[in-house]
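Engineer:
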Amino acid sequence: MSSRALVTGGAGFIGSHLCAKLLEDEWSVVCVDDLSTGSSSNVSHLEHIGGDSFLPIISDLSKPEWISTAGRYDYDIVYHLASAASPPDYLAMPLETLSVGSTGTLLSLEFAYEHEARFVYTSTSEVYGDPLIHPQVESYWGNVNPVGPRSVYDEAKRFSEALTMARHRKLGQNVGIARLFNTYGPRMRPGDGRVLSNFVVQALTGKPLTVYGDGSQTRSPCYVSDMVDGLLSLGRSDMTGPVNLGNPQEATVLELAHMVIEIIGSESSVEFLPLPEDDPKRRCPDISLARERLGWQPLVDLHTGLEMFIDWMKGNLDGE
Ligand code: UDP
Numbered sequence: 576m577s578s579r580a581l582v583t584g585g586a587g588f589i590g591s592h593l594c595a596k597l598l599e600d601e602w603s604v605v606c607v608d609d610l611s612t613g614s615s616s617n618v619s620h621l622e623h624i625g626g627d628s629f630l631p632i633i634s635d636l637s638k639p640e641w642i643s644t645a646g647r648y649d650y651d652i653v654y655h656l657a658s659a660a661s662p663p664d665y666l667a668m669p670l671e672t673l674s675v676g677s678t679g680t681l682l683s684l685e686f687a688y689e690h691e692a693r694f695v696y697t698s699t700s701e702v703y704g705d706p707l708i709h710p711q712v713e714s715y716w717g718n719v720n721p722v723g724p725r726s727v728y729d730e731a732k733r734f735s736e737a738l739t740m741a742r743h744r745k746l747g748q749n750v751g752i753a754r755l756f757n758t759y760g761p762r763m764r765p766g767d768g769r770v771l772s773n774f775v776v777q778a779l780t781g782k783p784l785t786v787y788g789d790g791s792q793t794r795s796p797c798y799v800s801d802m803v804d805g806l807l808s809l810g811r812s813d814m815t816g817p818v819n820l821g822n823p824q825e826a827t828v829l830e831l832a833h834m835v836i837e838i839i840g841s842e843s844s845v846e847f848l849p850l851p852e853d854d855p856k857r858r859c860p861d862i863s864l865a866r867e868r869l870g871w872q873p874l875v876d877l878h879t880g881l882e883m884f885i886d887w888m889k890g891n892l893d894g895e
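So the working numbering is basically just the index in the sequence shown, starting at one, shifted up by 575.
Here it is, written out as structure tokens:
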């Protein structure tokens, strides 16, 4: 009998790649997703490849309806990814984001515990807020505005980490926490509002690239296949974490804009727009812990990853 995973948010950007990789590795996969930011088209090819071994359940994770269907099976692992992740998405869905990052996390933790499955939580570099130390190490507690607009995401993720750790301490629950840094690649929605999807769509359609602020803020984009490998490594390990997963190749937002223009050979210009409130100024992961404990490190450099992402986006510009 093959191993089985539950993937919450399995029809989302990273979740759908994770489901695909698990199926490739001969796992059975049950995916729970309410399609609020994910899409059936992200996993429709898996129903074909996976045959009976892939079951999508369209349901809001923070309501218990999914449990009776998902609960018919045994599980080895639960990967909890469900959440809006793009700032425009979570700013537009503040209450839903808090709900899936609190009740949704509790229900999936309880589900994993009842099924004696390992629980892997996908937290975020946003737990570091606008960080005062650089690069960010796991021992840093962060600099988060608890009442600002981004708090619906940041604090939900921080609460989920706290809940995961409390259950680990109190019940001995088998858990692992990953902190994901900016991830990009195929199946990001062209209109999801994040920096690289915006820039690539803008450069491909001849529109100005919208740089927020003066573009001196930094991010360290990680290609999605590397991120999925990191999650699988954490899943296979007995590490509790938290552990950073990301690519330390840091670039300013303005550099990212110019890289995208150069690779595409676009005529687009750069337009400067106001910086969103509480936008972190520098972000780069220290991945020493992941290297040491998981033997993991990203393999796709930024230029190569951007080329692959741009190729994919060329054929997918009509998505919303
Ligand atoms: N950003 C930008 N132009 C855009 C979208 C985003 O300059 O069209 C900036 C944003 O202000 C932030 C960085 O790019 O400094 C990354 O933003 P994103 O929304 O991708 O994710 P974040 O890391 O802020 O969660």
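Even glycine gets a Cβ: it sits at the ideal position worked out from N, Cα and C.
Computed from a prediction, not measured in an experiment: that's the story for all the values here.
Taking the alpha-carbon positions, what's the D635 to L581 distance?
Structural biologist: To locate residue 635, count along the sequence shown from 1; it is residue 60. To locate residue 581, count along the sequence shown from 1; it is residue 6. Cα to Cα, D635 sits roughly 14 Å from L581.
Engineer: Is L869 helix, strand or coil by DSSP?
Structural biologist: Position 294 of the sequence shown, counting from 1, holds the residue named residue 869. The answer is helix: DSSP assigns L869 an H, G or I state.
Engineer: Less than 6 Å between C-beta atoms, sequence neighbours within five positions excluded: which residues of the same chain meet that for P761?
Structural biologist: Position 186 of the sequence shown, counted from the start, is the residue given in the question as residue 761. Closer than 6 Å at the Cβ level, and outside the excluded window around P761, lie W887.
Engineer: Quick check: is any heavy atom of the ligand UDP less than 6 Å from the C-beta of Q792?
Structural biologist: Mapped onto the sequence shown, residue 792 falls at position 217. Because some heavy atom of the ligand UDP lies under 6 Å away, the Cβ of Q792 counts as near it: yes.
Engineer: What do you get for W871, buried or exposed, if any count of 16 or more other CB atoms within 10 angstroms of its CB means buried?
Structural biologist: As a working mapping, residue 871 is identified with position 296 in the sequence shown. With 16 or more other Cβ atoms within 10 Å, it is buried.
Engineer: Take Y787 as the anchor and find which of L869, F774, G585 has the nearest alpha-carbon.
Structural biologist: Numbered from 1 along the sequence shown, position 212 holds the residue referred to as residue 787. Closest option to Y787, Cα to Cα, is F774.
Engineer: Need the endpoints of the alpha helix (DSSP H) that P662 sits in, please.
Structural biologist: On the sequence shown, residue 662 is found 87 positions in, with the first residue counted as 1. It spans 662-667 - the alpha helix (DSSP H) in which P662 sits, taken as one unbroken run.
Engineer: I need the DSSP call for F756, collapsed to helix, strand or coil.
Structural biologist: Position 181 of the sequence shown, counted from the first residue, corresponds to residue 756. Shown here, F756 sits in coil according to DSSP, grouped into three states, outside any helix or strand.
Engineer: Ends of the beta strand (DSSP E) at I633?
Structural biologist: Here residue 633 is taken as the residue at index 58 of the sequence shown, counted from 1. I633 -> beta strand (DSSP E) spans 629-633.
Engineer: Run the proximity test for R769: is its beta-carbon closer than 6 Å to any non-hydrogen atom belonging to the ligand UDP?
Structural biologist: As a position in the sequence shown, residue 769 is number 194, starting the count at 1. Yes.
Engineer: CA-CA distance, V722 and F734?
Structural biologist: Counting from 1 along the sequence shown, the entry for residue 722 is found at position 147. Counting from 1 along the sequence shown, the entry for residue 734 is found at position 159. Whole-angstrom Cα-Cα distance: 14 Å.
Engineer: Taking just the CA atoms, how far does R579 sit from A645?
Structural biologist: Taking the sequence shown and counting its residues from 1, the one referred to as residue 645 is at position 70. Taking the sequence shown and counting its residues from 1, the one referred to as residue 579 is at position 4. Cα to Cα, A645 sits roughly 11 Å from R579.
Engineer: How about Y787: is its Cβ closer than 6 Å to a heavy atom in the ligand UDP?
Structural biologist: To locate residue 787, count along the sequence shown from 1; it is residue 212. Indeed, a heavy atom of the ligand UDP lies less than 6 Å from the Cβ.
Engineer: Could you check the C-alpha separation between L682 and G676 for me, to the nearest Å?
Structural biologist: In the sequence shown, the residue the question calls residue 682 occupies position 107. In the sequence shown, the residue the question calls residue 676 occupies position 101. Answer to the nearest angstrom: the Cα atoms are 10 Å apart.
Engineer: Could you give the residue range of the beta strand (DSSP E) that holds C606?
Structural biologist: Locating residue 606 in the sequence shown gives position 31, counting from the first residue. First-last of the beta strand (DSSP E) with C606: 603-608.
Engineer: Tell me the DSSP secondary structure of Q711 in three-state form.
Structural biologist: By one-based count along the sequence shown, residue 711 stands at place 136. Strand, per DSSP.
Engineer: Counting only runs of 4+ residues fully inside the segment 818-855, write out the alpha helix (DSSP H) ranges in chain order.
Structural biologist: 828-839
Engineer: Just checking, does the segment 781-795 make contact with the segment 613-623 on the three C-beta pairs under 8 Å criterion?
Structural biologist: Under the three-pair Cβ rule at 8 Å, the segment 781-795 does not count as touching the segment 613-623.
Engineer: Less than 7 Å between C-beta atoms, sequence neighbours within five positions excluded: which residues of the same chain meet that for T699?
Structural biologist: Within the sequence shown, the letter at position 124 stands for residue 699. Hits under 7 Å: K732, R754, L755.
Engineer: Starting from T785, follow the beta strand (DSSP E) in both directions and report where the run begins and ends.
Structural biologist: For the purposes of this step, residue 785 is taken as the residue at position 210 of the sequence shown. Looking at the DSSP string, the run of the beta strand (DSSP E) that includes T785 is 784-787.
Engineer: Taking Cβ positions, are N819 and E713 nearer each other than 7 Å?
Structural biologist: For the purposes of this step, residue 819 is taken as the residue at position 244 of the sequence shown. For the purposes of this step, residue 713 is taken as the residue at position 138 of the sequence shown. Cβ atoms of N819 and E713: closer than 7 Å.
Engineer: Is S591 buried or exposed, if buried means 16 or more other CB atoms sit within 10 Å of its CB?
Structural biologist: For the purposes of this step, residue 591 is taken as residue 16 along the sequence shown, with counting starting at 1. The residue is buried, with at least 16 neighbouring Cβ atoms inside 10 Å.
Engineer: Can you round the beta-carbon distance between M814 and H878 to whole angstroms, since I take them to be within the 8 Å contact cut?
Structural biologist: Locating residue 814 in the sequence shown gives position 239, counting from the first residue. Locating residue 878 in the sequence shown gives position 303, counting from the first residue. Contact doesn't hold; Cβ gap of about 31 Å is too wide.
Engineer: Do V803 and the ligand UDP come close, with the Cβ less than 6 Å from some heavy atom?
Structural biologist: By 1-based counting over the sequence shown, the position of residue 803 is 228. Distance from the C-beta of V803 to the nearest heavy atom of the ligand UDP is not below 6 Å.
Engineer: Can you tell me where the alpha helix (DSSP H) holding Y688 begins and where it ends?
Structural biologist: As a working note, residue 688 is residue 113 in the sequence shown. Start and end: 680-689.
Engineer: Kindly indicate which residue of N749, E842, V875, S863 has the alpha-carbon position closest to the one of Q711.
Structural biologist: On the sequence shown, residue 711 is found 136 positions in, with the first residue counted as 1. Per the Cα distances, S863.
Engineer: Rounded to the nearest angstrom, how far is the Cβ of Y759 from that of G880, given a contact under 8 Å?
Structural biologist: On the sequence shown, residue 759 is found 184 positions in, with the first residue counted as 1. On the sequence shown, residue 880 is found 305 positions in, with the first residue counted as 1. Right, their Cβ atoms sit about 7 Å apart.
Engineer: Taking 7 Å as the cut-off, decide whether the C-beta atoms of A778 and S843 are in contact.
Structural biologist: Translated into the one-based positions of the sequence shown, residue 778 becomes position 203. Translated into the one-based positions of the sequence shown, residue 843 becomes position 268. Yes, they are a contact pair.
Engineer: DSSP state of Y650, grouped into three classes?
Structural biologist: Locating residue 650 in the sequence shown gives position 75, counting from the first residue. In the structure shown, Y650 sits in coil (DSSP, three-state: anything other than H, G, I, E or B).
Engineer: Going by C-alpha to C-alpha distance, which of V702, E685, L610 sits closest to E671?
Structural biologist: For the purposes of this step, residue 671 is taken as residue 96 along the sequence shown, with counting starting at 1. It is L610 whose Cα lies nearest to the Cα of E671.
Engineer: According to DSSP, is S698 part of a helix, a strand, or is it coil?
Structural biologist: Indexing the sequence shown from 1 puts residue 698 at position 123. Strand, per DSSP.
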